[in-house]
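Here is the structure we will look at, set down as structure tokens.
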Amino acid sequence: MPLLPELQNPAGPTAAREAVRFGEHSLTYAQLAAAADTLAARIADAGRVAVWATPAPETVVAVIAALRAGVPAVPLNPRTGERELAHVVADSAPSTVLAAAGDVLPPALAALKRVDVDTAAAGPAGSALTSAFASTFAEPSPESPALIVYTSGTTGPPKGAVLPRRAIAASLDALEDAWQWTGDDVLVHALPLFHVHGLILGILGPLRRGGSVRHLGRFSTEGVARELESGGTMLFGVPTMYHRLAEALDRPTASGEPTAFGEPTALAESTTSAGLANALAGARLLVSGSAALPVHDHERIAAATGRRVIERYGMTETLMNTGVRADGEPRPGTVGAPLRGVELRLVEEDGSALADPASIGEIQVRGPNLFTGYLNRPDATAAALTADGWFRTGDMATLDPDGYVRIVGRRATDLIKSGGYKIGAGEIENALLDHPGVREAAVTGEPDPDLGERIVAWVVPADPAAPPPTGELADHVAALLSPHKRPRTVRYLDALPRNDLGKIMKRSLHG
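In my numbering, the protein residues as written are 2 to 512.
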């Protein structure tokens, strides 16, 4: 089966169906195929291309063109700093950069050949189908590289994860099975298009099914409500977005609130909490990913809408590993069971089987969803994989008796060893968020001469002028969990540091 079958037959039943929409700019399947094939003919010999991945239809056309041409694409984050962008470009060595005609590109891309993306380049819809390129196109090998997506680089310079077509197809088909995803679904999201969540799940996912995607450009509660009320069936988001939705549901109106990532919205918000609740309640699936959604936000959304947000778990290197099924039990604090075709196990720090099956262990996964390796880094690839092909995720978790995975956090930042106990930061964060005086919270460990590590809570108070007493927060956690899980230190912040996907950057908390 081709990776994007509907785009190889745009004269078929989906030809006139809307494939993608960004604001007022939409493309049918026939139009998208025509524009992508025209561009694909121009880059067929490019070797490797960079894509200036703005939240715009040009990014979609560029990525689809690269997939059609069998040319690996490197999505670039337009907000990446100069040094990191220079590293990504030098490491991936693209010959060409694809961008919208009006985009101003930084100096790090000056040496590359630039090709402007024209979403209407083919003229009348479908005319490119008669081109020499389209008539001679052959689907590349499933093992051929489709995308090179750079990791966040939390422990050094970002590494390029080489994702073959096989991994993309396997993950999207596993989600089709888990979520009963069909061509009738209309996906709504506002995720960045330079990463797995927004690009592979959020764009390629609907297109593989023959469905539609509506991208908001910038996240807003008004945009979510508008698109869900006008036919959207699924919403994909990160926890920060769902936190903003939960906040909006708690008040009569939302006016001029920041986006999920702290930027001012382009349009003023005017959605009532009742209207937003009705829109969310009407969606078939509300899906959160890229980080754990706090239980507090789960409960607020469920109370207001009668609908549960479901979670899934994936990584750049593995794409999707687990997910709560559409017909399964949405269980706050879990990311569901392994998806079809994915093997998952928990191991001790030395890689051996857990001595206590109910304790915390590192997640390792194996299956057709895995990447090929890190570009130019055979050493890092070898270190990430066991001899028998299991990928070491670095994520710590427990397993429920029925196979549901409960992620504790990253081994490096979220597993705290204090007083002889292995403690997960996530459960303490959820307990803190249950306190009415806490708006946001993060938990880390710091060296302690007596305990080994002490638990540190970083708190954004609900009322900055009157933060809750530190002792009160410690007692609150101890009462909900156990005394050894109480924070020994509480530090108050105006905001938690986050990356472009809304993930809390815990390493930044310690400077």
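A virtual CB, placed ideally from N, CA and C, is assigned to each residue, including glycine.
Exercise for the section: Could you pull out every unbroken beta strand (DSSP E) segment of at least 3 residues lying fully inside the stretch 272 to 296, listed in chain order? Expected result: 286 to 289
Practice task
Provide the residue(s) that pair with THR471 in DSSP beta bridges, ordered along the chain.
Solution key: THR471 is not bridged to any residue.
Practice task
Out of GLY404, GLU312, ASP38, ALA432, state which residue places its alpha-carbon closest to the alpha-carbon of THR120.
Solution key: ASP38
Problem - Counted within 10 angstroms of its Cβ, other Cβ atoms place GLU428 as buried (16 or more) or exposed - result: buried
Handout entry: Limits of the beta strand (DSSP E) - the one that THR1 falls within
Key = Nothing about residue 1 can be reported from this structure: the residues present for the chain run from 2 to 512 only.
Problem - ASP403, buried or exposed, once every other Cβ within 10 Å from all chains shown has been counted against 16 - result: exposed
Practice task
Measure the alpha-carbon distance for ARG301 versus ALA226 and round it to whole angstroms.
Solution key: 17 Å
Practice task
Kindly confirm or deny that the stretch 77 to 96 and the stretch 241 to 252 touch, where touching means at least three C-beta pairs closer than 8 Å.
Solution key: no
Problem - Close beta carbons around ALA66, own chain, < 6 Å, minus the five adjacent residues each side - result: ALA37, LEU40, ALA41
Handout entry: Residue closest to ALA292, alpha-carbon to alpha-carbon, out of GLU59, GLY103, GLY410, SER96
Key = GLY410
Practice task
Determine the extent of the beta strand (DSSP E) in which GLY453 is found, giving its start and end residues.
Solution key: 453 to 462
Practice task
Would you identify the three-state DSSP class for THR317, choosing helix, strand or coil?
Solution key: coil
Exercise for the section: Starting from the C-beta of ARG407, find all residues in its chain whose C-beta is less than 7 Å away, skip the five residues before and the five after it, and write them out in chain order. Expected result: GLY334, THR335, ALA398, THR399, ASP401
Handout entry: Presumed contact (8 Å Cβ cut-off) between THR55 and ALA101, rounded CB distance
Key = 7 Å
Exercise for the section: May I ask you to report which of helix, strand or coil DSSP gives ASP178? Expected result: helix
Exercise for the section: Note the first and the last residue of the continuous alpha helix (DSSP H) segment covering THR382. Expected result: 379 to 385
Exercise for the section: Determine the extent of the alpha helix (DSSP H) in which GLU230 is found, giving its start and end residues. Expected result: 222 to 230
Problem - Nearest-angstrom beta carbon gap, ALA31 and ALA16 [assumed within contact, 8 Å] - result: 4 Å
Handout entry: Element boundaries [beta strand (DSSP E), containing LEU99]
Key = 97 to 101
Exercise for the section: May I have the straight-line CA-CA distance separating LYS418 from ILE424, to the nearest angstrom? Expected result: 6 Å
Exercise for the section: From the DSSP output, read off the bridge partner residues of GLN9. Expected result: Answer by DSSP bridge pairing: none, since GLN9 is not bridged.
Handout entry: alpha helix (DSSP H) runs contained entirely in the stretch 39 to 77, provided each spans 4 or more residues
Key = 58 to 70
Problem - For ARG245, the first and last residue of its enclosing beta strand (DSSP E) - result: It is not in any beta strand (DSSP E) - ARG245 instead sits in the alpha helix (DSSP H) that spans 240 to 250.
Problem - Burial state of GLU330, where buried means 16 or more other Cβ atoms lie within 10 Å - result: exposed
Practice task
Please look up how many angstroms separate the CB atoms of LYS504 and ILE456, rounded, as I've assumed it's under 8 Å.
Solution key: So it is not a contact: roughly 20 Å between Cβ atoms.
Exercise for the section: Take PRO193 as the anchor and find which of VAL187, ASP185, ASP186, LEU202 has the nearest alpha-carbon. Expected result: LEU202
Problem - Cutoff 6 Å; reference SER27; Cβ partners in own chain excluding five residues on either side - result: GLU19
Exercise for the section: Between the Cα of GLY290 and those of TYR314, GLY276, GLU177, spot the shortest distance and give me the residue it belongs to. Expected result: TYR314
Exercise for the section: Ignore the nearest five residues each way along the sequence and tell me which others in GLU447's own chain have a CB closer than 6 Å to its CB. Expected result: ARG455, VAL457
Practice task
Grab the span of the beta strand (DSSP E) containing LYS418 for me, first residue to last.
Solution key: 416 to 419
Practice task
May I ask which residues mark the beginning and end of the alpha helix (DSSP H) holding ARG84?
Solution key: 83 to 93
Problem - Where TYR151 falls, given that 16 or more other Cβ within 10 Å makes a residue buried - result: buried
Practice task
State buried or exposed for ASP495, treating a residue as buried only when at least 16 other CB atoms are found within 10 Å of its CB.
Solution key: exposed
Practice task
Compare the Cα-Cα distances from LEU277 to each of HIS297, ARG285, ALA249 and report the closest residue.
Solution key: ALA249
Handout entry: Beta-carbon contacts of ASP178 that lie in its chain and below 6 Å, excluding the five residues immediately before and after
Key = ARG341
Problem - Where TYR151 sits in the DSSP three-state scheme - result: strand
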